[in-house]
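Engineer:
2 protein chains.
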Amino acid sequence: MDHTRWLDDDEQRTWRAFLTANRLLFERVERQLQNEARMPHAYYEILARLSEAPDRTLRMSRLADTSLSSRSRLSHAVARLEEAGWVERTTCETDRRGAWARLTDAGLAALERAAPGHVETVRSLLFDALTPQQVAALGEVADALVDHLTDRPVWPAESDAGCPEAG
Amino acid sequence: MDHTRWLDDDEQRTWRAFLTANRLLFERVERQLQNEARMPHAYYEILARLSEAPDRTLRMSRLADTSLSSRSRLSHAVARLEEAGWVERTTCETDRRGAWARLTDAGLAALERAAPGHVETVRSLLFDALTPQQVAALGEVADALVDHLTDRPVWPAESDAGCPEAG
DNA sequence: CCGTTGCGCTTGAGTGTTCAACCATAAAGA
DNA sequence: TCTTTATGGTTGAACACTCAAGCGCAACGG
Numbered sequence: 001m002d003h004t005r006w007l008d009d010d011e012q013r014t015w016r017a018f019l020t021a022n023r024l025l026f027e028r029v030e031r032q033l034q035n036e037a038r039m040p041h042a043y044y045e046i047l048a049r050l051s052e053a054p055d056r057t058l059r060m061s062r063l064a065d066t067s068l069s070s071r072s073r074l075s076h077a078v079a080r081l082e083e084a085g086w087v088e089r090t091t092c093e094t095d096r097r098g099a100w101a102r103l104t105d106a107g108l109a110a111l112e113r114a115a116p117g118h119v120e121t122v123r124s125l126l127f128d129a130l131t132p133q134q135v136a137a138l139g140e141v142a143d144a145l146v147d148h149l150t151d152r153p154v155w156p157a158e159s160d161a162g163c164p165e166a167g
Numbered sequence: 001m002d003h004t005r006w007l008d009d010d011e012q013r014t015w016r017a018f019l020t021a022n023r024l025l026f027e028r029v030e031r032q033l034q035n036e037a038r039m040p041h042a043y044y045e046i047l048a049r050l051s052e053a054p055d056r057t058l059r060m061s062r063l064a065d066t067s068l069s070s071r072s073r074l075s076h077a078v079a080r081l082e083e084a085g086w087v088e089r090t091t092c093e094t095d096r097r098g099a100w101a102r103l104t105d106a107g108l109a110a111l112e113r114a115a116p117g118h119v120e121t122v123r124s125l126l127f128d129a130l131t132p133q134q135v136a137a138l139g140e141v142a143d144a145l146v147d148h149l150t151d152r153p154v155w156p157a158e159s160d161a162g163c164p165e166a167g
């Protein structure tokens, strides 16, 4: 346990700069959407993914995957979106456990109202700050990370750590 | 309003990969800390910044800045950390509005218990996934973003957008 | 000296997320 | 068929964060 692979100074700086950039960026993205469109970014993503689906309809589980939500989070979110009249849920006929989520016309309208401001924010805060080379590099890094984080087991160290209820 | 600078396909992909990588990464970082050290990452950062300060002590406002917290968030967090016995608050004698936050011995111990697992997680999930060139590129991008997001006014478009209470 | 303005920090309500437990249905095994 | 196990999805409690409002003190202005 004492052979921890600590971060060297460069790695420390990189990690902290990464953290800082992330917080600053997403804080502002979140605030812009909240102020101008009255929705958190997670909801925007849900609406966006639904809008791209055939018939603006997706199974809940699939929607959870594509919108980067946990199941529970999606359930709560869609409940809210349904109250707002932006999404409708119907049970699936062929598998009666399942549920379809459909983006309503009002939901699409809300998304289309929100989109310009959101996109402008992302562009001005992220893309305008970077050279084309940096954007390309960021894309590669992100791809590498997604790859790395998608394949492995849920937990890097199942055997000798992480026993939540033991202590 | 119809002259939105939309994202082209490449930019879309980059943005979504970036989002995905971020969620996957921070979800796991958060879960690891929660499971093994019983604290969210934000609390870890607070303890870490305090541990690096002279006398393990900082003014609340300064701690908020260095730990990337809003004032309110820090107040709530330190209240919790104080309950846990990891941080102590004392009022500042020279400016009786102010408050000092000090990392206790128990807090330092908790941090030192949490650190190896956390660092190993960051290394294995982030640095191990990237080549040295990619790490360098990530660092540059992060620096550029921090720079970009730190200097400007709080709101990129005061004049023609962002009227929260108008609608 | 007293009022105003500004700063440092806290508070409470509201909200989104997580976790664990749960329900209902489907699929697999005896 | 009857039981078991797995899957799709929901629920409620716990908790962290945000926002707006507020409190106490400091600094400035008359």
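Line by line, the protein sequences are chains X and E.
The opening position of the first sequence corresponds to residue 1 in UniProt numbering, with each subsequent residue numbered one higher.
The opening position of the second sequence corresponds to residue 1 in UniProt numbering, with each subsequent residue numbered one higher.
Note that beta-carbon positions come from the ideal geometry of N, C-alpha and C, so glycine has one too.
Mind checking R56/X: buried by the 16 CB within 10 Å criterion, or exposed?
Structural biologist: The residue in question, R56/X, is buried, as its Cβ has 16 or more Cβ neighbours within 10 Å.
Engineer: Between the alpha carbons of E112/X and A136/E, how many angstroms are there, rounded?
Structural biologist: E112/X and A136/E: Cα-Cα distance of roughly 38 Å.
Engineer: Less than 8 Å between the C-beta atoms of E36/X and G117/X, yes or no?
Structural biologist: Result yes, Cβ atoms of E36/X and G117/X sit closer than 8 Å.
Engineer: For G98/E, which residues in the same chain have their Cβ closer than 8 Å to its Cβ, ignoring the five residues on either side in sequence?
Structural biologist: R59, M60, S61, T91 and C92.
Engineer: Taking three-plus beta-carbon pairs below 8 Å as touching, is the stretch 125–140 of chain E in contact with the stretch 139–152 of chain X?
Structural biologist: Output reads yes: the stretch 139–152 of chain X touches the stretch 125–140 of chain E.
Engineer: What runs of the alpha helix (DSSP H), each 4 residues or longer, lie entirely inside the UniProt domain "HTH marR-type" (11–147) of chain E?
Structural biologist: With a minimum length of 4 residues, the continuous alpha helix (DSSP H) runs that stay inside the UniProt domain "HTH marR-type" (11–147) of chain E are 41–52, 60–66, 71–83 and 105–125.
Engineer: Nearest to L19/X by CA position, among A17/E, F26/E and F127/E, is which residue?
Structural biologist: Answer by Cα proximity: F26/E.
Engineer: Which chain X residues are close to residue 210/E, counting only those with a beta carbon under 7 Å from its beta carbon?
Structural biologist: This structure does not reach residue 210/E, given that chain E is present from 1 up to 167, and the question cannot be answered.
Engineer: Using the beta-carbon of each residue, which ones in chain E are nearer than 8 Å to W6/X?
Structural biologist: Ordered by position in chain E, the residues that pass the 8 Å Cβ test against W6/X are V119.
Engineer: Taking a contact to mean a Cβ-Cβ separation below 8 Å, would you say T104/E touches E88/E in this structure?
Structural biologist: Contact: yes.
Engineer: Mind checking H3/X: buried by the 16 CB within 10 Å criterion, or exposed?
Structural biologist: Exposed.
Engineer: Give the secondary structure of T150/E by DSSP, where H, G and I count as helix, E and B as strand, and everything else as coil.
Structural biologist: Here T150/E sits in helix by DSSP.
Engineer: If I measure Cβ to Cβ from P156/E and keep anything under 6 Å in the same chain, skipping five residues before and after, which residues do I get?
Structural biologist: Caution is warranted here: a pLDDT of 38 is assigned to P156/E, below 50, making its placement in the model unreliable, and the coordinate value is therefore given only provisionally. Excluding positions up to five away in sequence, the list is empty.
Engineer: Can you tell which of E11/X, L81/X and A21/X has the C-alpha that lies nearest to the C-alpha of H41/X?
Structural biologist: Cα-wise, what sits closest to H41/X is L81/X.
Engineer: Using a cut-off of 7 Å between C-beta atoms, extract the partners of E82/E located in chain X.
Structural biologist: Near E82/E there are no residues of chain X at all, since even the closest Cβ is about 22 Å away, more than 7 Å.
Engineer: Going by DSSP in three states, D8/X sits in which element: helix, strand or coil?
Structural biologist: Here D8/X sits in coil by DSSP.
Engineer: Among the candidates A109/X, R5/X, L47/X and T66/X, whose CA atom is the shortest distance from the CA of A17/E?
Structural biologist: With distances taken between Cα atoms, A17/E lies closest to T66/X.
Engineer: Hey, is L47/E's beta-carbon within less than 8 Å of any beta-carbon in chain X?
Structural biologist: Judged by the 8 Å Cβ criterion, L47/E is not in contact with chain X.
Engineer: I'd like the list of long-range same chain contacts for A110/E, defined as Cβ closer than 6 Å, with 5 residues on each side in sequence excluded.
Structural biologist: W86.
Engineer: Assuming L47/X and G107/X form a contact by the criterion Cβ under 8 Å, report the distance between their Cβ atoms to the nearest whole angstrom.
Structural biologist: Rounded, the Cβ-Cβ distance is 6 Å, consistent with contact.
Engineer: Output, in chain order, the set of chain E residues within a Cβ distance shorter than 7 Å of E30/X.
Structural biologist: The contacting residues do not exist; E30/X stays about 12 Å from chain E at best.
Engineer: Out of T150/X, V146/X, Y43/X and V122/X, state which residue places its alpha-carbon closest to the alpha-carbon of L145/E.
Structural biologist: It is V122/X.
Engineer: So is S69/X buried or exposed if we call it buried at 16+ other beta carbons inside 10 Å?
Structural biologist: Label assigned to S69/X: buried.
Engineer: How long is the line joining the alpha carbons of L126/E and D95/E, rounded to whole angstroms?
Structural biologist: If you take the alpha carbons of L126/E and D95/E, they lie about 43 Å apart.
Engineer: Hey, does A144/X have any beta-carbon neighbour from chain E nearer than 8 Å?
Structural biologist: By this cut-off, A144/X is an interface position.
Engineer: Under 7 Å Cβ-Cβ, which residues of chain E neighbour A129/X?
Structural biologist: In chain order: A144, L145 and H148.
Engineer: Starting from the C-beta of W100/X, find all residues in its chain whose C-beta is less than 8 Å away, skip the five residues before and the five after it, and write them out in chain order.
Structural biologist: Once the five neighbours on either side are set aside, the close Cβ partners of W100/X are T57, L58, R59, M60, R89, T90, T91 and C92.
Engineer: Given a cut-off of 8 Å on the beta-carbon distance, is the pair V78/E and L7/X in contact?
Structural biologist: Contact: no.
Engineer: Going along chain E in order, which residues have a C-beta closer than 9 Å to the C-beta of V122/X?
Structural biologist: Those within 9 Å of V122/X in chain E are L7, E11 and W15.
Engineer: In chain E, which residues lie with their C-beta within 7 Å of the C-beta of L58/X?
Structural biologist: Ordered by position in chain E, no residue passes the 7 Å Cβ test against L58/X, which lies about 16 Å from the chain.
Engineer: So, are the CB atoms of L24/X and L74/E less than 8 Å apart?
Structural biologist: It is not a contact, given that the beta carbons lie outside the stated cut-off.
Engineer: By how many angstroms is the C-alpha of A115/X removed from the C-alpha of R102/X?
Structural biologist: Cα to Cα, R102/X sits roughly 19 Å from A115/X.
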